[in-house]
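To convert a position in the sequence shown, counted from 1, into the numbering used here, add 388. Where is the CB? At the ideal position from N, CA and C, for every residue including glycine.
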Amino acid sequence: MKMIRLKIDGKLVVAPEGTTILNAALKAGIYIPHLCYMEMKEVGYKNDCASCRICVVQIKGMNRLIPSCSTPIKEGMEVITNSSEVMHKRRVVLELMLSDHPKDCLICGKNGNCELQKLAISFGIREMRFAGKEGKHDKQHSISITRDITKCIMCRRCETMCGDIQGCGILTGVDRGFNVIVNTAFNKNLLETNCTMCGQCVAVCPVGALYETDNTFKLVEDLMNPKKKVIVQVAPAVRVAIGELFGVAPGIDMTKKLTTALKRLGFDGVFDTNFAADVTIMEEATELKERILSSLKGEKDVKLPLFTSCCPAWVRFVELNYPEFRDNLSTTKSPQQIFGALAKEFWAKEKEIDKKDLVCVSIMPCTAKKYEASREEFVRDGVADVDYSITTRELGRLLKQYNINLLEMPEGEFDLPLGESTGAADIFGRTGGVLEAAARTLYEWISNGKLENLDFVPLRGFEEVRTAEIEVEGINLRVAVVHGLGAARKLLEEIKNGRGHFDAIEVMACKGGCVGGGGQPYHHGDFEIVKKRAEGLQVIDYHKELRESHENPCVIDLYETYLGEANGELAHKLLHTHYIDRKNK
Ligand code: FES
Numbered sequence: 389m390k391m392i393r394l395k396i397d398g399k400l401v402v403a404p405e406g407t408t409i410l411n412a413a414l415k416a417g418i419y420i421p422h423l424c425y426m427e428m429k430e431v432g433y434k435n436d437c438a439s440c441r442i443c444v445v446q447i448k449g450m451n452r453l454i455p456s457c458s459t460p461i462k463e464g465m466e467v468i469t470n471s472s473e474v475m476h477k478r479r480v481v482l483e484l485m486l487s488d489h490p491k492d493c494l495i496c497g498k499n500g501n502c503e504l505q506k507l508a509i510s511f512g513i514r515e516m517r518f519a520g521k522e523g524k525h526d527k528q529h530s531i532s533i534t535r536d537i538t539k540c541i542m543c544r545r546c547e548t549m550c551g552d553i554q555g556c557g558i559l560t561g562v563d564r565g566f567n568v569i570v571n572t573a574f575n576k577n578l579l580e581t582n583c584t585m586c587g588q589c590v591a592v593c594p595v596g597a598l599y600e601t602d603n604t605f606k607l608v609e610d611l612m613n614p615k616k617k618v619i620v621q622v623a624p625a626v627r628v629a630i631g632e633l634f635g636v637a638p639g640i641d642m643t644k645k646l647t648t649a650l651k652r653l654g655f656d657g658v659f660d661t662n663f664a665a666d667v668t669i670m671e672e673a674t675e676l677k678e679r680i681l682s683s684l685k686g687e688k689d690v691k692l693p694l695f696t697s698c699c700p701a702w703v704r705f706v707e708l709n710y711p712e713f714r715d716n717l718s719t720t721k722s723p724q725q726i727f728g729a730l731a732k733e734f735w736a737k738e739k740e741i742d743k744k745d746l747v748c749v750s751i752m753p754c755t756a757k758k759y760e761a762s763r764e765e766f767v768r769d770g771v772a773d774v775d776y777s778i779t780t781r782e783l784g785r786l787l788k789q790y791n792i793n794l795l796e797m798p799e800g801e802f803d804l805p806l807g808e809s810t811g812a813a814d815i816f817g818r819t820g821g822v823l824e825a826a827a828r829t830l831y832e833w834i835s836n837g838k839l840e841n842l843d844f845v846p847l848r849g850f851e852e853v854r855t856a857e858i859e860v861e862g863i864n865l866r867v868a869v870v871h872g873l874g875a876a877r878k879l880l881e882e883i884k885n886g887r888g889h890f891d892a893i894e895v896m897a898c899k900g901g902c903v904g905g906g907g908q909p910y911h912h913g914d915f916e917i918v919k920k921r922a923e924g925l926q927v928i929d930y931h932k933e934l935r936e937s938h939e940n941p942c943v944i945d946l947y948e949t950y951l952g953e954a955n956g957e958l959a960h961k962l963l964h965t966h967y968i969d970r971k972n973k
């Protein structure tokens, strides 16, 4: 690789050819403010349309300023990042941007997390010198995501994420000149489009143009209602990220403090989605075993590969784009929905609570889980399995509102029996984890023996698509793990064209899996944060006494005393679902 030598602010910098000035400077410890630019190299995400011009720098010998985020370095180049002219122009650019931006920061969905706000603070903007005309667009709420297009600064990060990375292309620049905005086709509500609700657009939007639809008001009302019993479940990826909102490093397990904090919020039961994840494996591994054995017997129309169905954005993606693969999706409900069904049918009966008076709330790293909870397939006798979901970020806000400092909480435990879990459930929160958990159980069920090494290392990591062969009792299982919907689309096309042959495939819509979900604390493009959260879950798994779902004693008891056989009559009725062809809707 050819190395280029240049000077930035008088400092000699050496970087590979093709590097941008911005990246060379950042690598050398020289900070250049930037806004529209964002890059997550590890997952192939890059937004370098150079639309904001905050990152302008001066090059010796050039009579105009240039954007450092889109200009490659050249041999002998001399860059000045902070001359008076640069500072003045940057400030004017920022002031112009603010001139037509709404000034309602106090009630903005990204207040405190807005990158434009941070720039205004660091530039010490105290008054508006330019009175700009402001665009006016109504806020648009969907069950998962709220859009406030008036706040859009045309950075196009969401467009790149939705189109190039997720392969969905729902958000795109429309109109011309001053009126240009990023919008859906015909200004449709996201729910009326092919949007999967994954929330990755929310995760990268630097301002308040996209944010999660807030359910905390609903929750506060329910918690105050003496006629309601309100219980909560916590997804695995939440516990290794919620600490970030209180200044803790990503990946640190906050489970024990979190359970106490949730009890202080006033929940009548604090449970673990992990319990339901272990049940998911009981059902999904049973399904996979049945399909594989049927296929080995030569039965026709066996739907393989089996696709995991825990990720609601992925499920919606299939329903909208590839309904011909609907029957390949595992019919097992996601852990969120399995928990809700068990809470409303099993736990409510045990506690003699009318399920109509029981409010089941979930805390999820994901915006699509709000949508999933609202799907009508998950309503029985007029009662939803899960009433609503709140994201990790919403929970962080709520705890602060209630003056509950997570860090000061004494350690507590989840309530039983729906709070018991194995390490297999913890890894559901990272890419590859669901398949690894299923493989641990399936291996033992097929071999009737004990698995010596529980770590299926080839399924781990962050490569877009990872494949492996697992040999058990002479059967060769071909499996794949995919993260990111764009990558999933490519794999589906391969399978459609007869080029990919697998028995099971795990797909997670978000890069890194749920730890990188659209409802997690903002990582502002630093994928290392997502990796640390994934490592955190792995550490929890390693330290669990039991690491295989079928060994969870409370799950065993549930099947023995209530459900009967996995995928048996009652289990199928409560814990399985069906999918809808939404392509033509
Ligand atoms: Fe370079 Fe926006 S960050 S133009």
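Restricting to Cα atoms, I'd like to know which of the options is closest to residue i.
i              : options                        : result
valine 626     : Glu799, Arg848, Gly905         : Gly905
valine 867     : Gly874, Leu830, Asn885         : Leu830
isoleucine 928 : Pro614, Asn662, Pro711         : Asn662
lysine 971     : Thr601, Val467, Trp702, Asn582 : Asn582
asparagine 499 : Glu859, Asn470, Glu600         : Glu600
proline 723    : Val767, Val667, Leu650, Asp563 : Val667
aspartate 891  : Ile619, Arg652, Ala597, Leu684 : Leu684
aspartate 610  : Leu794, Val749, Lys429         : Val749
proline 421    : Lys390, Glu840, Leu482         : Leu482
proline 711    : Ile968, Cys902, Glu430         : Ile968
alanine 701    : Val592, Leu963, Thr584, Thr604 : Thr584
arginine 785   : Met389, Gln588, Glu632, Ala591 : Glu632
leucine 708    : Leu578, Lys744, Leu839, Arg441 : Leu578
methionine 475 : Lys920, Ser487, Arg441         : Arg441
histidine 911  : Leu423, Asn501, Ala826, Met465 : Asn501
cysteine 493   : Met426, Gly657, Gln505, Leu880 : Gln505
aspartate 803  : Ser510, Glu894, Trp735         : Trp735
Pick helix, strand or coil for residue i, following the three-state DSSP scheme.
i              : result
glutamine 908  : coil
serine 987     : Any question about residue 987 goes unanswered here, given that the chain covers just 389 to 973.
histidine 476  : helix
threonine 604  : helix
valine 822     : helix
leucine 925    : helix
methionine 549 : helix
tyrosine 759   : helix
isoleucine 792 : coil
methionine 426 : strand
leucine 598    : strand
histidine 964  : strand
tyrosine 419   : coil
asparagine 571 : strand
arginine 768   : strand
isoleucine 917 : helix
serine 777     : strand
tyrosine 433   : strand
leucine 786    : helix
threonine 810  : coil
proline 455    : strand
threonine 534  : strand
glutamine 725  : helix
Under the rule that 16 or more other beta-carbon atoms within 10 Å means buried, what is residue i, buried or exposed?
i              : result
aspartate 660  : buried
alanine 519    : exposed
valine 747     : buried
serine 835     : exposed
asparagine 791 : exposed
proline 614    : exposed
tyrosine 974   : What the structure shows of the chain is the stretch from 389 to 973, and residue 974 is not part of that stretch, so it cannot be assessed.
aspartate 814  : buried
methionine 465 : buried
methionine 797 : buried
glycine 808    : The sequence as given places glutamate at residue 808; glycine does not occur at that position. Buried, because 16 or more other Cβ atoms sit within 10 Å of the Cβ of glutamate 808.
threonine 949  : exposed
In the DSSP output, what is residue i paired with across the bridge?
i              : result
threonine 979  : This structure does not reach residue 979, given that the chain is present from 389 up to 973, and the question cannot be answered.
lysine 695     : Residue 695 is actually phenylalanine in this sequence, not lysine. Leu717, Ile893.
glutamate 982  : The first residue shown for the chain is 389 and the last is 973, placing residue 982 beyond what the model contains.
isoleucine 619 : Gly657, Cys748
alanine 438    : In DSSP, alanine 438 forms no bridge with anything.
glutamate 859  : Asn864
glycine 561    : Val570
alanine 403    : Ile392
isoleucine 447 : Val467
valine 870     : Val853, Val895
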